[in-house]
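All residue numbers for the sequence shown refer to the working numbering, where the first residue is 1 and numbers rise by one.
Read the structure below first, then the notes.
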Amino acid sequence: MPEMSAMPDPEKSAIAPNQSSPNPSVFLVIPAHNRREITLSCLNQLQQNGDLTQYQAIVVDDGSSDGTGGAIAQQFPDVIVLAGDGNLWWTGAIAKGMASAADQGADYFFWLNDDCLPEAGAIAKMVQFMQAQPNSLVSAACYLSELEDFKDSTTSATNPEQGDRNVPANHNLIPTGAQGRKQVTALPGEVVQVSEMSGHCVGIPAAVVAKIGFPDGDRCPQYFGDNTYILKAVKSGFSAYILGDAQAKHLGLVKSTIADFVNSFRAQGKLTAQPDFWPAMKLLFGDRKSIFYLPAQFNYCQDKYGAIVGLAIFGFKLIGWLWQLVQVELRGLSISSQLEREQVLNAREIEKPGNVTSE
1 MPEMSAMPDP EKSAIAPNQS SPNPSVFLVI PAHNRREITL SCLNQLQQNG
51 DLTQYQAIVV DDGSSDGTGG AIAQQFPDVI VLAGDGNLWW TGAIAKGMAS
101 AADQGADYFF WLNDDCLPEA GAIAKMVQFM QAQPNSLVSA ACYLSELEDF
151 KDSTTSATNP EQGDRNVPAN HNLIPTGAQG RKQVTALPGE VVQVSEMSGH
201 CVGIPAAVVA KIGFPDGDRC PQYFGDNTYI LKAVKSGFSA YILGDAQAKH
251 LGLVKSTIAD FVNSFRAQGK LTAQPDFWPA MKLLFGDRKS IFYLPAQFNY
301 CQDKYGAIVG LAIFGFKLIG WLWQLVQVEL RGLSISSQLE REQVLNAREI
351 EKPGNVTSE
């Protein structure tokens, strides 16, 4: 069962002067690349919430060719747009935005993916939480937007991933943190302490940046830049939490499996043949857009488990991924062969004399 934490008592917290202000300087850093409509939807949500009035948004447009930057400038003139050359990736874009926010005196930094839409009041709740407990980082609880709201569901069942808590069987709550090797979530009313977090919607006090700097885009350019940064912060004496009452909706699929990425690469036309083992392996393990990008996975294991244990776990994981890839490709081959057989049988059926019509 995930470790629960009592809500911090502001009376017992020694809040830093610059972060105890009723109007702290809060910056929302949003990485963007060629997803104009999604990025605009995110900004529109923030505007409807009143967040763009209360906080400063920075969009780091990393070399988009779809007019993202121009559309933002036209529709949201108060949003700061920083340009990248297409090589920043997620972590580099986050670091660039945080550096700009730091130069402007940010008290709190927020990571916000453009496919993550905070509900009204979510960011304010996260800021209040960090003010009450200044040495803490906090994540929103994220829900898949396609399914009905968890908080409105009446069907419940015990979910084994949630220990003995009563969780709706059809819940759409995404794990946004981990305690050791166990992924965890936070239900409404809960505050769950974690050792690492995903960067969907995360608040970070300036004290963290002052102590450990910005995320490292070289070691983990796309995936795990968020996890490794939170791990580093926790190891440096800070605490990290998921705040169940601060909710956000996530648009679309959260890719996490070998099959997810193989199908994605195939949909992009990067994989054509079936099976396509060697090209698939190169993309899975060598493409920075893949969660299985080996340098990032290796660095993550090193940061989380240490040099020796991390190396061993990385090796075991790699063997497992290779086996999963073989299974995915063989399954695809089987489906492809079945379709080919059906096409041949259909062609033969059409060619039968009894099926030929004459005028």
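Ideal Cβ placement from N, Cα and C applies to all residues, glycine included.
No experiment lies behind these values; they were computed from the predicted model shown.
Query                                                                                    : Result
Minimum C-alpha distance to Phe-261 - residue among Leu-173, Ile-313, Val-328, Pro-215   : Val-328
Whether Asn-49 touches Pro-134 by CB criterion (8 Å)                                     : no
Collapsed DSSP secondary structure at Asp-61 in the structure displayed                  : strand
Beta-carbon gap between Val-81 and Leu-137 smaller than 8 Å                              : no
Residue of Ala-267, Ala-259, Asp-103, Met-281 minimising C-alpha distance to Arg-331     : Ala-259
Distance CB(Pro-188)-CB(Gly-244) smaller than 8 Å                                        : yes
Endpoints, the alpha helix (DSSP H) within which Phe-129 is located                      : 122-132
Local conformation of Asp-245 per DSSP, three classes                                    : strand
Boundaries of the beta strand (DSSP E) in which Pro-31 is found, first to last residue   : 26-32
Rounded straight-line distance, which links the Cα of Ala-132 to that of Gly-306         : 32 Å
Exposure label - Gly-252; buried when at least 16 CB within 10 Å                         : exposed
Residue burial classification, Ile-30 (beta-carbon count within 10 angstroms, cutoff 16) : buried
Beta-carbon separation (whole angstroms), His-362 vs Leu-144, contact threshold 8 Å      : Because the chain spans 1 through 359 in this model, residue 362 falls outside it and cannot be assessed.
Nearest residue (CA-CA) to Asn-172, options Val-254, Val-191, Val-127                    : Val-254
Rounded straight-line distance, which links the Cα of Ala-312 to that of Cys-116         : 34 Å
Option in Glu-190, Tyr-293, Gly-67 with minimal Cα separation from Ala-246               : Glu-190
Residue burial classification, Arg-36 (beta-carbon count within 10 angstroms, cutoff 16) : buried
Check whether Ala-57 and Leu-43 have beta carbons under 8 Å apart                        : yes
Opening and closing residue of the alpha helix (DSSP H) in which Phe-285 lies            : 277-286
Nearest-angstrom Cα separation, counted from Glu-196 out to Gln-179                      : 7 Å
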